[in-house]
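Using this note's numbering, read the sequence shown as starting at 1 and increasing by one per residue. For each residue, glycine too, the CB sits at the ideal point set by N, CA and C. Quantities reported herein were computed from a predicted structural model and do not represent experimental measurements. Only one structure is covered here, and it is reproduced in the block below.
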Amino acid sequence: MKVTEHIANATKTLFSFEILPPVKGTSIQSIYNGIDPLMEFKPPFINVTYHREEYVFKERENGLLEKISIRKRPGTVGICSAIMHKYNVDAVPHIICGGFSREETENALMDLNFLGIDNVLVLRGDSIKTETQFRPHPDGHAYASDLLKQICDLNNGNYLDEDIANPVPTNFCAGVAGYPEKHSEAPNLEIDLKYLKMKVDMGAQYIITQMFFDNQKYFNFVKACREHGINVPIIPGIKPLTVKNQLRMLPNLFHIDIPNDLVQAIDSAPTPQAVRQVGIEWATQQCKELVQFGVPCLHFYTMSKSEATAAIAKEIF
Ligand code: FAD
C-alpha cells in the first residue's frame, strides 16, 4: 500500500522509522534485531536508506594509486523485500541520483516494481568524500526532481526504450525530502522551497523532513510550504540524541541547529546514560507537541539502533 494511503486511512498519528543497511558482511538477523523492538508500535511502513559507493585508493605494485569504488552498505532492495515478507509492512526504499545512470535507475525501479514495492523516497544523495560538490553520473540525474521525472514517466508507461509495445505503467508513490532549516547548498529557504514546490508539482506525494530539534522550525516550514502552495503531507523527521559527540557531528553532517538548552543539558549530563535520557526526554517532548499540532506521522531516524526510539514511542503511541 502507498504511504499516502496509510496517511489517508489513519485515525491517529502514525509511527514510522528509517533503517540503514548494515555494513557489508552482516547478517539479515542484525536488521531484524533492530526492527523487532519497534514492531509493537505498528509502523505501516519502514524506510531503508540507500548508500552510494565511496572511492578508496589502493597502491599498485608500481607505486601508483588506483582508484576503486566500494559499496559499504549494499542491499537496500533485498532488505526492503525481506522486511515486507517478514513483518507484512510496506518498505520504502530510498532511491538516489548519485552514482547511477538513467538505465541503471530504470532497471532498479523495475526490480522494485516486480517485488511489489509501491513506494520510493526520491533523493539526490550526498556528495561522496572524494567530491567537493555533488557530481552526477554522466548519464544520470543532477537533482532529485530529474529522478522524480523519470519515475513519473514510468508511472505513465514511458520507459527509456521507446520501442516497447504496450508498456505497462508502474504505480510508485514518490516521497521527497524537505529541509526546515533549508538544504545546505540552497542560498536561502525561498529558493529551496521553489525547488521543493517543483518536485511536488511534478508528482511528489509527500515530504519527509530532515531532522530538527526545535519544533518551531518545523511549524514555520509547514506554514511557508502552505504559503507556497505545497499542500502534500509533511512528515517530521525525529532524531533522539544519544551520545555527546552528536552535538558536533549532527550539525556538521546535516547542517541543522541544536538549541542551546539541549546542548547545555547534554553537555552537563554526567554519564552516558544521563546523556541518553536527556535526548529521549527532549525528543519525547518534541513528539508530544507535534502530535498536538496534528502531524500525519512521526518518522524516526533510528540509524538502526532501536532503544531510544522505542523509549519515546512507548510514551507517545
Ligand atoms: P534536491 O532536491 O536535488 O536538492 C539539492 C539542492 O539543489 C538543494 O539545495 C535544492 O534547493 C537545489 N535544487 C533542487 N532542484 C534544483 C534544480 N532543478 N535546479 C537547481 N537547484 C536545484 N542521502 C543518501 O545518500 N541516501 C539516503 O538514503 C538518504 N535519505 C535521506 C532521507 C531524508 C528524509 C532526507 C531529508 C535526506 C536523505 N538523504 C539521503 C540526504 C540527501 O540525499 C541530501 O540531503 C542531498 O544533499 C539532497 O537531496 P535532495 O533529494 O533534497 O536533493
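Query	Result
Any heavy atom of the ligand FAD closer than 8 Å to the beta-carbon of H137?	no
Following a CB-centred definition, is K199 positioned closer than 8 Å to any heavy atom of the ligand FAD?	yes
Residues in its own chain within less than 6 Å of V92 by CB, not counting five upstream and five downstream?	F45, N47, N119 and L121
For P37 and A310, which I take to be in contact (beta-carbon distance under 8 Å), what is that distance rounded to the nearest angstrom?	5 Å
According to DSSP, simplified to helix, strand and coil, what is M249?	helix
Find out if the Cβ-Cβ distance for the pair T242, G294 is shorter than 9 Å.	no
Tell me whether G78 sits in a helix, a strand or coil according to DSSP, three-state version.	helix
For the beta strand (DSSP E) containing F221, name the first residue and the last one.	Segment N215 to E227 is the alpha helix (DSSP H) holding F221; no beta strand (DSSP E) there.
For the ligand NAD, is there any heavy atom lying closer than 8 Å to the beta carbon of V3?	Within the structure as shown, the ligand NAD is missing, the only ligands being the ligand FAD.
How about H51: is its Cβ closer than 8 Å to a heavy atom in the ligand FAD?	yes
So which of A224, R124 and S30 has the shortest CA-CA distance to Y50?	R124
Comparing the C-beta of F293 with each C-beta of chain C, is any distance below 9 Å?	Although the question refers to chain C, the structure presented lacks it and comprises just one protein chain.
Taking the alpha-carbon of I266 as reference, which of F15, V291, N252 and P240 has the nearest alpha-carbon?	P240
Check whether the Cβ atoms of E54 and R60 lie closer than 9 Å to each other.	no
For C297, which beta-bridge partners are listed by DSSP?	L14
Work out the CA separation of E162 and T209 for me, nearest whole Å.	36 Å
Between V275 and the ligand FAD, is there a pair consisting of the residue's CB and a ligand heavy atom that are separated by less than 8 Å?	no
Can you tell me whether R276 is buried or exposed? The criterion is at least 16 other CB atoms within 10 Å of its CB, across all chains shown.	buried
By Cβ distance below 7 Å, which residues in the same chain neighbour P327 in space, the five residues on each side in sequence not counted?	The structure shown has nothing for residue 327, since the chain only spans 1 to 317.
What do you reckon, are the CB atoms on T170 and N113 nearer than 9 Å?	yes
Out of curiosity, what's the CA-to-CA distance linking K12 and I95?	28 Å
What does DSSP give as the partner residue(s) for V48 in the beta ladder?	I19 and P93
Which complete alpha helix (DSSP H) runs does the region 102–128 hold, if anything under 4 residues is left out?	102–114
Identify the continuous alpha helix (DSSP H) that holds A310 and give its terminal residues.	E307 to I316
With distances taken Cα to Cα, identify the nearest neighbour of Y301 among F254, A274, K199 and F219.	F254
Are at least three pairs of beta-carbons, each pair with one atom in the region 224–233 and one in the region 193–209, less than 8 Å apart?	yes
Go through the region 131–213 residue by residue and report every complete run of the alpha helix (DSSP H) that reaches 4 residues or more, in order.	144–155 and 189–202
Assuming S16 contacts C287 (C-beta within less than 8 Å), just tell me the rounded distance between them.	Incorrect: roughly 13 Å between the Cβ atoms, too far for contact.
Does the beta-carbon of F134, which I'm using as the reference point, lie nearer than 8 Å to any heavy atom of the ligand FAD?	yes
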